[in-house]
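Under the working numbering, the residue at position 42 of the sequence shown is numbered 42, and the numbers go up by one with no gaps.
Glycine included, C-beta positions come from ideal geometry on N, C-alpha and C.
So the structure is just underneath, and the comments pick up after that.
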Amino acid sequence: MKKLLYFDMDNVLVDFNSGIDKVDEDTKRAYEGHWDDIPGLFSLMEPMPGAIDAVHRLAEEYDCYILSTAPWKNPSAWSDKVEWVTRYMDDVFHKRLIISHHKNLCGGDYLIDDRGKHGSNEFSGEWIQFGSPEFPDWDSVLKYLCGKN
């Protein structure tokens, strides 16, 4: 049986700043300090470098799901995330998207997440902190996880 592997979206699979770069200056000013509440923002984002290839490689060895949080006050973020998955990664994550503000409630073997918020740091399996000195990019994650299953 394959081990269970979760992926966070923002700044792990998805380049958050690439969405911000596509928003006009008036909107940025209106949402200063809480850009994640911009309607439609999450559908504008591009994949992180290497993320799509890495996910396909890891999906060969692991049972993969996205485990992400969406801003509570931005209802479009929830549907935007589904739209993003459908556009870029539906072949791996079709109906495999979990939105939760309590990631520690999901059991599994590994969670790749950039921040220890929303229960990531309390996850029952191993938290792989993407962007950390130990796991700065997708190549380092692949080296660590490939062949462990």
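Sub-9 Å separation of residue i and residue j beta-carbons
i	j	result
Ser124	Gly147	no
Phe130	Asp114	yes
Gly33	Asp80	no
Ile52	Met89	yes
Met48	Val82	no
Glu46	Val85	no
DSSP bridge partner residues for residue i (one or two, in chain order)
i	result
Asp37	Asp37 pairs with nothing; no bridge assigned.
Pro47	Val14
Tyr65	Tyr6
Ile99	Ser68
Assigned secondary structure, residue i (DSSP; H/G/I helix, E/B strand, else coil)
i	result
Trp138	helix
Leu111	strand
Tyr6	strand
Glu126	strand
Pro75	helix
Ser132	coil
Length of the line joining the Cα atoms of residue i and residue j
i	j	result
Val141	Arg57	11 Å
Leu44	Glu122	30 Å
Glu60	Leu145	12 Å
Met9	Ala30	25 Å
Ile20	Thr27	10 Å
Ser120	Phe7	11 Å
Same chain, Cβ closer than 6 Å to residue i, neighbours up to 5 away in sequence not counted
i	result
Asp63	Lys2 and Leu4
Asn74	Asp37
Arg96	Tyr65
C-beta neighbour in chain D for residue i, strict 9 Å
i	result
His34	In the displayed structure, chain D is absent; only one protein chain is listed.
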